[in-house]
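Engineer: Below is one structure. I have some questions about it.
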Amino acid sequence: MNINLTLFAQAISFAVLIWFTVKFVWPPLLNAIEVRQKEIADGLAAGERGRTELEQASKRSAEAINDAKQRAAEIIAQAEKRATDLVEEAKGNAKAEGDRIITGAKAEVEQEVNRAKESLRQQVSELAIAGAEKILRKEIDAKAHAEILDAIAKEL
Amino acid sequence: MATHESTMTPSGYIAHHLSFNTKSVGDGSFWTLHLDTLIMSGILGIVIFGLLWWVVRGATSGVPTKRQAFVELLIGFIDDQVKNIFHGDRHKFIAPAALTVFVWVLMMNAMDFLPVDVMGKFYGFIGLHEWRSVPTSDVNATFALALSVWLLMIFFAIKVKGIGGWIHELFCSPFGTPNFKSIWGILFGWLLLLANFAFNLIEYISKPLSHSLRLFGNMYAGEVIFLLLGLWAATGLTGTIFGAILGAGWSIFHILIVVLQAFIFMMLTVVYLSMAHESH
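One line per chain: the protein sequences are A and B, in this order. Here numbering that gives the first Met the number 0 is used: the first residue of the first sequence is 0, the next is one more, and so on. Here numbering that gives the first Met the number 0 is used: the first residue of the second sequence is 0, the next is one more, and so on.
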């Protein structure tokens, strides 16, 4: 146990080693570790962000699907309403058309009847005239009694 | 057993293994160098810090290699210890200094695992007849470390508190500042200053002594026990068997001591340096 110059030599090498560690060993590794820690923290934050974004997106897509469903239901309801309207309208139209046709037919029939009546009347009057002519050939002047004959024909 | 004809007696054997390889560089016993201490510690320092530097130079922030992970574990361990004790910018000096102390002292202590007589033969073979493997069993080495830490301690105390603050602390802590406004203060205040100063003086003297002698004592005693077991082994077959068994046991126990003493030395370094940063 004798203290000698070794003490100072050893102290100098200690100082050199401390300097070396402070300068060359500690900072690069600490830097690497800190960069990695930051990268890991960033990665975790990004993962967290991704998860929230996914949650929001699924919420949004659910909303969109709901909207679409609602609108589809509305459209279907409208379409159904429109279809019933159309059917009703078509029914109404058909009925009106039918009525019109019936009315037309009735009018035609009436006309026909009238015409038949007219022609019948005509024929009857002609027959009457012919009959009357035959009966009254001798005594009745057709021209003088035309007024009376017309009146008779009209009454038929 | 021993490496020399003149060292066949027990005391001669121990004295031989515990004598330094000295080189005189001037007049007087002070001007000598222990070449074995300096060269062993120098080689260890260069090898281990070169190794650390080599690993750290290629350090990546991505996926680390196994050796980088190992160095990171070591540095993380030291950093955690320092973080618990020192509350400041530890990366600038304290933590790397703690790493230096721990790794270097650990390596120097670990030289104790080398079997004394085999190494003696080896050193004798390359022409070194007085050569000690364990630098930390030289009080010069441990005292050099402790004294360097002590100087750093004073340096940081002055740097943080200023020269006035440091001197104020020397005289006014731990017992407090005397009140010179009262009559009792004027009469006995200087006694309080003196008591504070004496207390601080004792603290400043005892710190490097206990710091260095703890490590030196452990390592020196470890070496002496190995030598005694070696002596026993030289006495015959029984001695060889029991010497070997006990030597193995002591080596295993020494693994604990080597690491523990390096750890304690580092922790005390950190504690002293962080105490220097704190005001009382």
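Just so it is clear, CB atoms sit at the ideal spot from N, CA and C, and this is done for glycine as well.
Who does residue 33/B pair with in a DSSP beta bridge?
Structural biologist: On the second sequence, position 34 is the one that residue 33/B refers to. Per DSSP, 21/B.
Engineer: Within its chain, find whatever has a CB closer than 6 Å to the CB of residue 0/B; leave out the 5 residues flanking it on each side and keep chain order.
Structural biologist: Sequence index remark: in the second sequence, residue 0/B carries index 1 (1-based). Low per-residue confidence applies at residue 0/B: pLDDT is 38, beneath 50, and the placement is therefore not dependable, though the value from the model is reported in the following sentence. Taken in chain order, the residues that qualify are 233.
Engineer: According to a CB-to-CB cut-off of less than 8 Å, which residues of the region 27-38 of chain B neighbour chain A?
Structural biologist: Per Cβ criterion, the list reads 28, 29, 30, 31, 32, 33, 36 and 37.
Engineer: Between residue 283/B and residue 30/B, what straight-line distance do the alpha-carbon atoms span, to the nearest angstrom?
Structural biologist: Since the first residue of chain B shown is 0 and the last is 279, residue 283/B is not available in this structure.
Engineer: Please report the residue range of the alpha helix (DSSP H) in which residue 67/A lies.
Structural biologist: Locating residue 67/A in the first sequence gives position 68, where the first residue counts as 1. Here the alpha helix (DSSP H) through residue 67/A covers 25-135.
Engineer: Just reading off the alpha helix (DSSP H) that residue 120/B is part of, what are its end residues?
Structural biologist: In the second sequence, residue 120/B corresponds to position 121, counting from 1. Counting along the chain, the alpha helix (DSSP H) containing residue 120/B begins and ends at 115-124.
Engineer: For residue 52/B, name the three-state secondary structure that DSSP assigns.
Structural biologist: Translated into positions along the second sequence, residue 52/B becomes position 53. It is helical.
Engineer: Tell me whether residue 248/B is buried or exposed, calling it buried when 16 or more other Cβ atoms sit within 10 Å of its Cβ.
Structural biologist: Numbered from 1 along the second sequence, position 249 holds the residue referred to as residue 248/B. Exposed: under 16 other Cβ atoms inside 10 Å.
Engineer: Is any beta-carbon of chain B found at less than 9 Å from that of residue 31/A?
Structural biologist: For this step, residue 31/A is matched to residue 32 along the first sequence. Output row for residue 31/A: interface = yes.
Engineer: Any beta-carbon of chain A closer than 9 Å to the one on residue 56/B?
Structural biologist: Taking the second sequence and counting its residues from 1, one reaches residue 56/B at position 57. By this cut-off, residue 56/B is an interface position.
Engineer: Check for me: the alpha helix (DSSP H) holding residue 2/A runs from which residue to which?
Structural biologist: Residue mapping note: residue 2/A aligns to position 3 of the first sequence, counting from 1. Taken as a continuous stretch (DSSP letters only), residue 2/A belongs to no alpha helix (DSSP H), as it is neither H nor E.
Engineer: Start and end of the alpha helix (DSSP H) containing residue 178/B?
Structural biologist: Counting from one through the second sequence, the residue named residue 178/B turns up at place 179. That residue, residue 178/B, is in no alpha helix (DSSP H); it is neither H nor E in DSSP.
Engineer: For residue 8/A and chain B, any beta-carbon pair shorter than 9 Å?
Structural biologist: Here residue 8/A refers to the residue found at position 9 of the first sequence. Yes, residue 8/A lies at the interface with chain B (some Cβ there is under 9 Å from its Cβ).
Engineer: So what does DSSP say about residue 149/A, is it helix, strand or coil?
Structural biologist: Walking along the first sequence from the start, residue 149/A turns up at place 150. Note: residue 149/A maps to helix in three-state DSSP.
Engineer: Over what stretch of residues does the alpha helix (DSSP H) that includes residue 156/A continue unbroken?
Structural biologist: Only positions 0 to 155 of chain A appear in the structure, and residue 156/A is not among them; the question remains open.
Engineer: Taking 9 Å as the cut-off, decide whether the C-beta atoms of residue 47/B and residue 106/B are in contact.
Structural biologist: Numbered from its first residue, the second sequence carries residue 47/B at position 48. Numbered from its first residue, the second sequence carries residue 106/B at position 107. Going by C-beta atoms, residue 47/B is nearer than 9 Å to residue 106/B.
Engineer: Closer than 7 Å between beta carbons: that is the criterion. Which residues of the region 78-94 of chain B meet it against chain A?
Structural biologist: So the list reads 90, 92 and 94, given in the order they occur along the chain.
Engineer: In whole angstroms, give me the CA-to-CA distance for residue 100/B and residue 118/B.
Structural biologist: Looking up residue 100/B in the second sequence gives position 101. Looking up residue 118/B in the second sequence gives position 119. Each residue's alpha carbon lies about 25 Å from the other.
Engineer: Tell me, please, whether the CB atom of residue 14/A is closer than 9 Å to any CB atom in chain B?
Structural biologist: For the purposes of this step, residue 14/A is taken as residue 15 along the first sequence, with counting starting at 1. Output row for residue 14/A: interface = yes.
Engineer: Rounded to the nearest angstrom, what separates residue 65/A and residue 57/A at their Cα positions?
Structural biologist: Working through the first sequence from its first residue, we reach residue 65/A at position 66. Working through the first sequence from its first residue, we reach residue 57/A at position 58. Going by the C-alpha atoms only, they are around 12 Å apart.
Engineer: Counting only beta-carbon separations shorter than 9 Å, does residue 137/B have a partner in chain A?
Structural biologist: Looking up residue 137/B in the second sequence gives position 138. Yes, residue 137/B lies at the interface with chain A (some Cβ there is under 9 Å from its Cβ).
Engineer: Does any residue of chain A bring its CB to less than 9 Å from the CB of residue 0/B?
Structural biologist: Mapped onto the second sequence, residue 0/B falls at position 1. For residue 0/B, the predicted structure reports a pLDDT of 38, less than 50, and the residue's modelled location is therefore unreliable. The matter cannot be settled from this model.
Engineer: My output table needs one value for residue 61/B: the three-state DSSP class, helix, strand or coil.
Structural biologist: By 1-based counting over the second sequence, the position of residue 61/B is 62. Residue state, collapsed to three classes: coil.
Engineer: Verify the CB distance criterion: does residue 65/A have a CB-CB separation below 9 Å to chain B?
Structural biologist: As a first step, residue 65/A is located in the first sequence; it is residue number 66 there, counting from the start. No, residue 65/A does not count as interfacial toward chain B.
Engineer: Kindly confirm or deny that the region 254-274 of chain B and the region 212-227 of chain B touch, where touching means at least three C-beta pairs closer than 8 Å.
Structural biologist: Touching, per the Cβ criterion.
Engineer: Starting from residue 257/B, trace the alpha helix (DSSP H) in both directions and tell me its first and last residue.
Structural biologist: As a position in the second sequence, residue 257/B is number 258, starting the count at 1. Start and end: 236-276.
Engineer: Taking any Cβ of chain B, which residues in the region 39-54 of chain A have a Cβ under 8 Å from it, in chain order?
Structural biologist: Flagged: no residues at all.
Engineer: Rounded to whole angstroms, what is the Cα-Cα separation between residue 280/B and residue 26/A?
Structural biologist: It is not possible to answer for residue 280/B, since the shown part of chain B is limited to 0 through 279.
Engineer: Is the shortest distance between the beta-carbon of residue 64/B and the beta-carbons of chain A less than 9 Å?
Structural biologist: Within the second sequence, the letter at position 65 stands for residue 64/B. Answer no: the Cβ-Cβ gap between residue 64/B and chain A never drops below 9 Å.
Engineer: Cβ atoms of residue 120/A and residue 241/A: under 9 Å apart, would you say?
Structural biologist: Missing from the structure shown is residue 241/A; chain A here goes from 0 to 155 and no further.
Engineer: Measuring only between beta-carbons, confirm whether residue 96/B sits less than 9 Å from chain A.
Structural biologist: For the purposes of this step, residue 96/B is taken as the residue at position 97 of the second sequence. At least one chain A Cβ lies under 9 Å of residue 96/B.
Engineer: So residue 8/B and residue 31/A are supposed to be a Cβ contact under 8 Å. How far apart are they, rounded?
Structural biologist: Within the second sequence, numbered from 1, the residue matching residue 8/B stands at position 9. Within the first sequence, numbered from 1, the residue matching residue 31/A stands at position 32. Going by Cβ atoms, the distance from residue 8/B to residue 31/A rounds to 57 Å, so no, they are not a contact pair.
Engineer: By the criterion of Cβ-Cβ separation under 8 Å, what are the contact partners of residue 2/A in chain B?
Structural biologist: Here residue 2/A refers to the residue found at position 3 of the first sequence. Simply 29, 138, 139 and 142.
Engineer: Does the beta-carbon of residue 17/A have 16 or more other beta-carbons within 10 angstroms, so that it is buried, or is it exposed?
Structural biologist: Numbered from 1 along the first sequence, position 18 holds the residue referred to as residue 17/A. The residue is buried, with at least 16 neighbouring Cβ atoms inside 10 Å.
Engineer: Are the beta-carbon atoms of residue 36/A and residue 40/B separated by less than 9 Å?
Structural biologist: Counting from 1 along the first sequence, the entry for residue 36/A is found at position 37. Counting from 1 along the second sequence, the entry for residue 40/B is found at position 41. Cβ atoms of residue 36/A and residue 40/B: not closer than 9 Å.
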